[in-house]
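Visitor:
Numbering (my numbering), first residue to last: 16 to 273.
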């Protein structure tokens with residue numbers, strides 16, 4: 016129409032400006048809608064992990080802002096899988112192949128619960144520090160356990176038991192059966208003639224009320240476990256089960272191989 020001079024140039028420019036203003040208003044309205052939809056989405060808070068939540072930090076109707084002081088709504092603890100953090104002393108690490116643990120180390124991780132029972136599911140080592148804690152002399156470790164029955168809870172104290180290998184020809188004897196002298200550790204055994212004989216042994220760790228004997232005993236040895244104050248090399252021994260032995264007689268029991 017402008018080319019045909021049906022309308023003036025001014026009318027054309029006015030109409031173009033009006034259209035542009037209308038298009039800008041539409042874009043501004045669409046932006047407002049998108050902002051409103053985004054704000055609406057913030058009213059639904061979804062948990063990033065499955066677990067149980069603690070107490071609510073705010074009640075219904077409270078104005079929540081995004082500042083750090085008031086933005087916390089609750090705390091969620093993931094229960095399965097659950098992590099157990101623990102450490103291993105440098106002296107214990109020295110007994111392991113390579114002298115340290117890593118995620119690639121084939122180990123069995125078990126938990127002993129506060130009531131003394133063993134947690135039925137074994138865990139997986141999923142973190143091992145690459146350096147020792149110089150202040151404590153320990154390696155920081157972490158294991159992951161499946162917890163479908165939610166038997167383990169965050170903050171709970173448990174005992175971690177690690178099996179990193181097996182030793183052959185190792186024995187367990189009661190701690191009371193091991194005699195410590197200035198030069199060595201001794202265990203009295205009963206020989207084929209029924210007489211007491213002293214054996215020099217190399218001891219390892221304690222396991223419960225038993226002592227690990229690394230060397231010095233053989234499978235089938237009968238170890239004297241009580242009345243050691245009356246035992247001397249060469250004395251005749253009257254054998255009896257350790258649990259029912261007469262008080263005046265040394266008793267003997269076979270060393271169980273481990």
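Beta carbons are placed, not taken as given, at the ideal position from N, Cα and C, and that holds for glycine. On a predicted model such as this, the values are computed, not experimentally measured, just so you know.
To which residues does DSSP link residue 122 through a beta bridge?
Guide: In DSSP, residue 122 forms no bridge with anything.
Visitor: May I have the straight-line CA-CA distance separating residue 32 from residue 51, to the nearest angstrom?
Guide: Cα-Cα distance, rounded: 28 Å.
Visitor: Skipping 5 residues on each side, what residues in its chain have a beta carbon closer than 7 Å to that of residue 251?
Guide: 209, 210
Visitor: Quick one: what's got a C-beta closer than 7 Å to residue 147's C-beta in the same chain, skipping five residues either side?
Guide: Once the five neighbours on either side are set aside, the close Cβ partners of residue 147 are 105, 153, 154.
Visitor: What distance in whole Å lies between the Cβ atoms of residue 156 and residue 143, which are believed to be in contact at a cut-off of 8 Å?
Guide: 5 Å
Visitor: Taking buried to mean at least 16 other C-beta atoms within 10 Å of its own C-beta, is residue 237 buried or exposed?
Guide: buried
Visitor: Buried or exposed, going by whether 16 or more other CB atoms sit within 10 Å of the CB of residue 172?
Guide: Residue 172 is exposed by the Cβ-count criterion.
Visitor: In terms of residue numbering, what span does the beta strand (DSSP E) encompassing residue 158 cover?
Guide: Per DSSP, residue 158 belongs to the beta strand (DSSP E) from 153-160.
Visitor: Counting along the chain, where does the alpha helix (DSSP H) carrying residue 46 start and finish?
Guide: 24-56
Visitor: Could you tell me the distance, in whole angstroms, from the CA atom of residue 36 to the CA atom of residue 82?
Guide: 38 Å
Visitor: Considering Cα atoms alone, identify which of 63, 73, 187 is closest to residue 232.
Guide: For the options 63, 73, 187, the alpha carbon positioned closest to that of residue 232 is the one of 187.
Visitor: Cα separation between residue 201 and residue 178?
Guide: 28 Å
Visitor: Tell me whether the stretch 89-97 and the stretch 159-167 touch, counting them as touching only if at least three CB pairs, one residue from each stretch, are closer than 8 Å.
Guide: yes
Visitor: According to DSSP, is residue 93 helix, strand or coil?
Guide: Here residue 93 sits in coil by DSSP.
Visitor: With respect to the beta strand (DSSP E) encompassing residue 251, which residues constitute its N-terminal and C-terminal limits?
Guide: No beta strand (DSSP E) contains residue 251, which DSSP labels as neither H nor E.
Visitor: Rounded C-beta distance between residue 189 and residue 224? I'm assuming under 8 Å.
Guide: 6 Å
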